[in-house]
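**Student:** I'd like to ask you about the structure that follows.
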Amino acid sequence: MSALKVLRAGPAMSIQDLGRPGHMANGLSCGGAADRIALAEGAALLGQSVQSSALEMAGMGGEFEASEPTRIALTGAPMQASLDGQPLVWNASHKLEAGQRLTIGAVTSGIYGYLHVGGGFATEPFLNSRTAHLVAGIGALIKAGDMLPIGQDPNAEASAQKLPKEARFTGGTIRILPSVQTANFAPETLDRFQATEFTRTPRGNRQGAELAFEGDPFASADQLSILSEPMVAGDIQMTGTGTPFVLLPECQTTGGYPRIGTVLPDDLPLVAQAGPAATLRFKFVDHAEATQAHRTPEQQVKEVKAKLQPLIRDPHNIRDLLSYQLISGMVNARD
Amino acid sequence: MTRSDTIYPRITDVGLSGMLVTFSDTLTEAANRAALALRARIEELRIEGVQETTTSLTSTFVVYDPLTLSQDLLRIHLSELLKETWHEAPLPEGRKLWRIPAVFDHPDHGPQLQEAAELAGVSIKDAIDSLCDTNLRVMTLGFAPGQPYLGSLGPHWDIPRQQGLTKQVSVGAITVAIRQIVLFSTASPTGWRQVGQCAFRAFRPDQPDPFALTPGDEISFYPVTADALAQIRSEDQTGDGGASVEPLT
Chain Z
1 MSALKVLRAG
11 PAMSIQDLGR
21 PGHMANGLSC
31 GGAADRIALA
41 EGAALLGQSV
51 QSSALEMAGM
61 GGEFEASEPT
71 RIALTGAPMQ
81 ASLDGQPLVW
91 NASHKLEAGQ
101 RLTIGAVTSG
111 IYGYLHVGGG
121 FATEPFLNSR
131 TAHLVAGIGA
141 LIKAGDMLPI
151 GQDPNAEASA
161 QKLPKEARFT
171 GGTIRILPSV
181 QTANFAPETL
191 DRFQATEFTR
201 TPRGNRQGAE
211 LAFEGDPFAS
221 ADQLSILSEP
231 MVAGDIQMTG
241 TGTPFVLLPE
251 CQTTGGYPRI
261 GTVLPDDLPL
271 VAQAGPAATL
281 RFKFVDHAEA
291 TQAHRTPEQQ
301 VKEVKAKLQP
311 LIRDPHNIRD
321 LLSYQLISGM
331 VNARD
Chain P
1001 MTRSDTIYPR
1011 ITDVGLSGML
1021 VTFSDTLTEA
1031 ANRAALALRA
1041 RIEELRIEGV
1051 QETTTSLTST
1061 FVVYDPLTLS
1071 QDLLRIHLSE
1081 LLKETWHEAP
1091 LPEGRKLWRI
1101 PAVFDHPDHG
1111 PQLQEAAELA
1121 GVSIKDAIDS
1131 LCDTNLRVMT
1141 LGFAPGQPYL
1151 GSLGPHWDIP
1161 RQQGLTKQVS
1171 VGAITVAIRQ
1181 IVLFSTASPT
1191 GWRQVGQCAF
1201 RAFRPDQPDP
1211 FALTPGDEIS
1221 FYPVTADALA
1231 QIRSEDQTGD
1241 GGASVEPLT
């Protein structure tokens, strides 16, 4: 089986897919990619199932080498990427020849970048998912020296594609719906919450994102006396000090802090991807509008596919045209 | 937006695809039983569009696909079900009783036993006795995978969580607050006070069925020495940590 060798690893890289739904009753949250739209983009670029797993890289990528010719796609938060020193277009698919060095650096905006491979990563599944759920002790961070097995690529010869630049890495207005304790917040508090501009603090991970804002804390009537209730990704929890925490896919299954609202799953990637410079606002919408806006992962792939364009290499961007691998490309076409 | 009131059971919408039925805002044995029974019924009905169900201490939570099952229709389903009396529902079938050996009075294994006993207003000996002489029910699994909330302890155990957090307790830590015990399934920081330690692993990611406990199961702890626990640990292959298990009828 072909594999991707990890030569250097950023501090928070893990294998992620759509997660492991169905185990809340056993205390295990769904988990999965922080930015599910990026999974749909990877699936569209490589022409494969959105169930395929990808490598999620928080803030910083790494250095990789494939044991066999491998198609890759780069999605999510844009990162500096190059192949044997030649810059690679982000939000596009590329061909990685055996032994070529793929270098992925720091994010230029957003937080979570994704490296997809044709055929998906073929690491050992647990309860039907390859998602690492670090808090639960399932899977582990990827480190230098790891060999990540790659599944069979059904479209190994497909040509490279690209997608237009995405605007989801700079925050924006996030649509929310009521959650368990929304009704315990005074109407004035809910109004003020929607009128407030938030930024992400450095405190945050795959479990949740802490938000900073100016003004009084957002307290509910029964801040400290509620029983723990089931919790879902997207819930906006007010901690003891009235500071909002937006729960992300690796959150716990129950929580005892009041929740002022829940982010639409379709908008959660915007929160997960909000970098230090991004600003966020929240706006309650009604359930009918939210349902109308909702897309399943498969529907997302379909919508993304409509935006695909062939990736044409601009000769001006190729520093040394003669050294470019025209020959090996021809050899591969006959393989 | 639904308005909170004091009439139970209460149905609350949670985001795009969640609906919560709350039987009580305080922990009672009857409300816990009702939540478990309602969840079992919803599972049995196999309502199209229901993706997942779970329970908290006193609530049943339904996760659904709003593109298949409308919010209104699910609310009608649940309202119909709530016309029945749930507080007298029987406990789930197939329950088990686990007898688990544990170390209590030891600086490494129960570092906050003395503090907890003082808050409960009992001697250390009486504290251990009262933690061990009750069959504690798994009221819900949550927070971490397979992790049980066990209840209820006697009223003197209605002690608050500590102000600060313990940086880390290990798997098998027995912690206490608000008349409940949490038996940790993963190493974790916690605001609960650690009064004991066992070798029982509630979450076993290395096994085909990784969740050892089911809500409704009961646990009874019995004290052993730290040496005995070390011995049990060294011999344990399954994660049971020396526990025996028998069916509850």
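Line by line, the protein sequences give chains Z and P.
Be aware that the first sequence starts at 1, since it is given in my numbering, and climbs by one per residue.
Be aware that the second sequence starts at 1001, since it is given in my numbering, and climbs by one per residue.
Quick reminder that beta carbons are idealized off the backbone N, C-alpha and C, glycines included.
What you are looking at is a predicted structure, and each value in this text was computed from that prediction instead of being measured.
Classify P:N1032: buried if its beta carbon has 16 or more other beta carbons within 10 angstroms, exposed otherwise.
**Tutor:** As a first step, residue 1032 of chain P must be located in the second sequence, where it is residue number 32. Result: buried.
**Student:** Mind checking which residues open and close the beta strand (DSSP E) that includes P:K1125?
**Tutor:** Here residue 1125 of chain P corresponds to residue number 125 of the second sequence, with the count starting at 1. No beta strand (DSSP E) contains P:K1125, which is instead part of the alpha helix (DSSP H) from I1124 to C1132.
**Student:** Contact check, P:P1215 vs P:L1141 under 8 Å by CB: the rounded distance?
**Tutor:** Here residue 1215 of chain P refers to the residue found at position 215 when the second sequence is read from its first residue. Here residue 1141 of chain P refers to the residue found at position 141 when the second sequence is read from its first residue. So it is a contact: roughly 6 Å between Cβ atoms.
**Student:** Are P:S1152 and P:Q1180 closer than 8 Å when you measure CB to CB?
**Tutor:** Locating residue 1152 of chain P in the second sequence gives position 152, counting from the first residue. Locating residue 1180 of chain P in the second sequence gives position 180, counting from the first residue. In this structure, P:Q1180 lies closer than 8 Å to P:S1152 by Cβ.
**Student:** Tell me the rounded alpha-carbon separation between Z:L264 and P:L1016.
**Tutor:** Taking the first residue of the first sequence as 1, we reach residue 264 of chain Z at position 264. Taking the first residue of the second sequence as 1, we reach residue 1016 of chain P at position 16. One C-alpha to the other measures close to 6 Å.
**Student:** Name the residue from P:N1135, P:L1113 and P:L1136 whose alpha carbon lies nearest to the alpha carbon of P:K1125.
**Tutor:** Taking the second sequence and counting its residues from 1, the one referred to as residue 1125 of chain P is at position 125. Ranking the options by Cα distance to P:K1125, first place goes to P:L1113.
**Student:** Is the CB-CB distance between Z:P258 and Z:S220 below 8 Å?
**Tutor:** Position 258 of the first sequence, counted from the first residue, corresponds to residue 258 of chain Z. Position 220 of the first sequence, counted from the first residue, corresponds to residue 220 of chain Z. Taking 8 Å as the Cβ cut-off, Z:P258 and Z:S220 qualify as a contacting pair.
**Student:** Check the Cβ of P:P1145 against every Cβ in chain Z and list those closer than 7 Å, keeping chain order.
**Tutor:** The sequence position of residue 1145 of chain P within the second sequence is 145, counting from 1. Simply N26, G27, L28 and A136.
**Student:** What residues in its chain sit with their C-beta under 8 Å from that of P:L1097, if we drop five residues either side in the sequence?
**Tutor:** Along the second sequence, read from residue 1 onward, the residue named residue 1097 of chain P stands at position 97. Within the same chain, and ignoring the five residues on either side of P:L1097 in sequence, the residues whose Cβ sits closer than 8 Å to its Cβ are N1135, D1217, E1218, I1219, S1220, V1245, E1246, P1247 and L1248.
**Student:** Return yes when the Cβ of Z:A3 is within less than 8 Å of the Cβ of Z:S67, no when it is not.
**Tutor:** Against the first sequence, residue 67 of chain Z aligns to sequence position 67. Against the first sequence, residue 3 of chain Z aligns to sequence position 3. Yes, the pair counts as a contact, with Cβ atoms nearer than the cut-off.
**Student:** Looking at the unbroken beta strand (DSSP E) that takes in P:R1041, where does it start and where does it end?
**Tutor:** Stepping through the second sequence from its first residue, residue 1041 of chain P is reached at position 41. Not the beta strand (DSSP E): P:R1041 falls in the alpha helix (DSSP H), residues E1029 to L1045.
**Student:** For P:F1023, collect the residues of the same chain with a Cβ closer than 6 Å to its Cβ; drop the 5 residues on either side in sequence, then sort them by chain order.
**Tutor:** The residue given as residue 1023 of chain P occupies position 23 in the second sequence. The residues are Y1008, P1009, A1031, A1034, A1035 and T1058.
**Student:** Report yes or no: do three or more beta-carbon pairs, one from the region 132 to 150 of chain Z and one from the region 5 to 13 of chain Z, lie closer than 8 Å?
**Tutor:** yes
**Student:** Can you list the residues of chain P that Z:S179 reaches, using a CB-CB cut of under 7 Å?
**Tutor:** Position 179 of the first sequence holds residue 179 of chain Z. Near Z:S179 (Cβ distances below 7 Å), the residues of chain P are V1014 and G1015.
**Student:** Quick check on DSSP: helix, strand or coil for Z:H94?
**Tutor:** As a working note, residue 94 of chain Z is residue 94 in the first sequence. Three-state DSSP puts Z:H94 in a strand.
**Student:** Spell out whether any CB of chain Z is found under 8 Å from the CB atom of P:S1059.
**Tutor:** Position 59 of the second sequence, counted from the start, is the residue given in the question as residue 1059 of chain P. Among the CB atoms of chain Z, one or more fall inside 8 Å of the CB of P:S1059.
**Student:** Since Z:Y114 sits in a beta bridge, which residues does DSSP pair it with?
**Tutor:** Position 114 of the first sequence, counted from the start, is the residue given in the question as residue 114 of chain Z. Paired residue(s): Z:E56 and Z:T75.
**Student:** When you compare each of Z:G31, Z:H23, Z:L102 and Z:S14 to Z:G59 by their alpha carbons, which one comes out closest?
**Tutor:** Taking the first residue of the first sequence as 1, we reach residue 59 of chain Z at position 59. The residue from Z:G31, Z:H23, Z:L102 and Z:S14 with its alpha-carbon nearest to that of Z:G59 is Z:S14.
**Student:** Quick one: what does DSSP say Z:S328 is sitting in, helix, strand or coil?
**Tutor:** Here residue 328 of chain Z corresponds to residue number 328 of the first sequence, with the count starting at 1. Per-residue confidence for Z:S328 stands at a pLDDT of 43, beneath the threshold of 50, marking its modelled position as unreliable; the derived number appears in the next sentence. Of the three classes helix, strand and coil, the one that applies to Z:S328 here is helix, per DSSP.
**Student:** Under a Cβ-count criterion, where at least 16 other Cβ atoms within 10 Å of its own Cβ denotes burial, should P:P1259 be classed as buried or exposed?
**Tutor:** Residue coverage of chain P in this structure runs from 1001 to 1249, which leaves residue 1259 of chain P outside it and unanswerable.
**Student:** Counting only C-beta atoms, is P:G1241 closer than 8 Å to chain Z at any point?
**Tutor:** In the second sequence, the residue the question calls residue 1241 of chain P occupies position 241. Not closer than 8 Å to any Cβ of chain Z, the Cβ of P:G1241 fails to qualify, so no.
**Student:** Could you have a look at P:S1185 and say whether DSSP puts it in helix, strand or coil?
**Tutor:** Locating residue 1185 of chain P in the second sequence gives position 185, where the first residue counts as 1. In the structure shown, P:S1185 sits in coil (DSSP, three-state: anything other than H, G, I, E or B).
**Student:** With distance defined between alpha-carbon atoms, name the residue in P:C1198, P:A1177, P:F1203 and P:D1206 nearest to P:W1192.
**Tutor:** Mapped onto the second sequence, residue 1192 of chain P falls at position 192. Minimum Cα distance to P:W1192 is reached at P:A1177.
**Student:** Just verifying my parser: in three-state terms, what is the DSSP assignment at P:Q1114?
**Tutor:** To locate residue 1114 of chain P, count along the second sequence from 1; it is residue 114. Correct three-state label for P:Q1114: helix.
**Student:** Hey, could you find the ends of the alpha helix (DSSP H) Z:V271 is sitting in?
**Tutor:** Within the first sequence, the letter at position 271 stands for residue 271 of chain Z. Per DSSP, Z:V271 belongs to the alpha helix (DSSP H) from L268 to A272.
**Student:** How would you list, in chain order, the residues of chain Z whose beta-carbon sits under 8 Å from the beta-carbon of P:S1056?
**Tutor:** Numbered from its first residue, the second sequence carries residue 1056 of chain P at position 56. Ordered by position in chain Z, the residues that pass the 8 Å Cβ test against P:S1056 are L227, S228, E229, P230 and T254.
**Student:** Give me, in chain order, the residues of the same chain whose beta-carbon lies closer than 7 Å to that of Z:G22; leave out the 5 immediate sequence neighbours on both sides.
**Tutor:** Position 22 of the first sequence, counting from 1, holds the residue named residue 22 of chain Z. Nothing listed; no residue qualifies.
**Student:** Do you know offhand how far Z:G256's Cα is from Z:E197's?
**Tutor:** Walking along the first sequence from the start, residue 256 of chain Z turns up at place 256. Walking along the first sequence from the start, residue 197 of chain Z turns up at place 197. Distance between the alpha carbons of Z:G256 and Z:E197: 25 Å.
**Student:** From the DSSP output, which residues share a beta bridge with Z:L247?
**Tutor:** Mapped onto the first sequence, residue 247 of chain Z falls at position 247. Answer by DSSP bridge pairing, in chain order: Z:G208.
**Student:** Per DSSP, which residues does Z:H133 bridge with? Please list them.
**Tutor:** One-based indexing of the first sequence puts residue 133 of chain Z at position 133. According to DSSP, which records beta bridges pairwise, Z:H133 is partnered with Z:I138.
**Student:** What's the call for Z:G42, buried or exposed, on a 16-neighbour Cβ count within 10 Å?
**Tutor:** Here residue 42 of chain Z is taken as the residue at index 42 of the first sequence, counted from 1. With 16 or more other Cβ atoms within 10 Å, it is buried.
**Student:** Could you name the residues of chain Z that P:P1205 contacts, counting a contact when the two beta carbons are closer than 8 Å?
**Tutor:** Taking the second sequence and counting its residues from 1, the one referred to as residue 1205 of chain P is at position 205. What P:P1205 touches in chain Z: F126, A136, G137 and I138.
**Student:** So with Cβ pairs under 8 Å, would you call Z:P265 a contact of chain P?
**Tutor:** As a working note, residue 265 of chain Z is residue 265 in the first sequence. By this cut-off, Z:P265 is an interface position.
**Student:** Please list, in chain order, the chain Z residues whose beta carbon lies closer than 7 Å to that of P:A1066.
**Tutor:** Counted from its first residue, the second sequence places residue 1066 of chain P at position 66. According to the sequence provided, residue 1066 of chain P is Pro. The question's Ala does not apply to it. Residues of chain Z passing the Cβ test: T291 and H294.
**Student:** Which residues does DSSP pair with Z:R20 in a beta bridge?
**Tutor:** Here residue 20 of chain Z refers to the residue found at position 20 when the first sequence is read from its first residue. DSSP, once it has assigned bridges, lists no residue as partnering Z:R20.
**Student:** Please list the terminal residues of the continuous beta strand (DSSP E) segment that includes Z:A167.
**Tutor:** On the first sequence, residue 167 of chain Z is found 167 positions in, with the first residue counted as 1. No beta strand (DSSP E) holds Z:A167; DSSP gives it neither H nor E.
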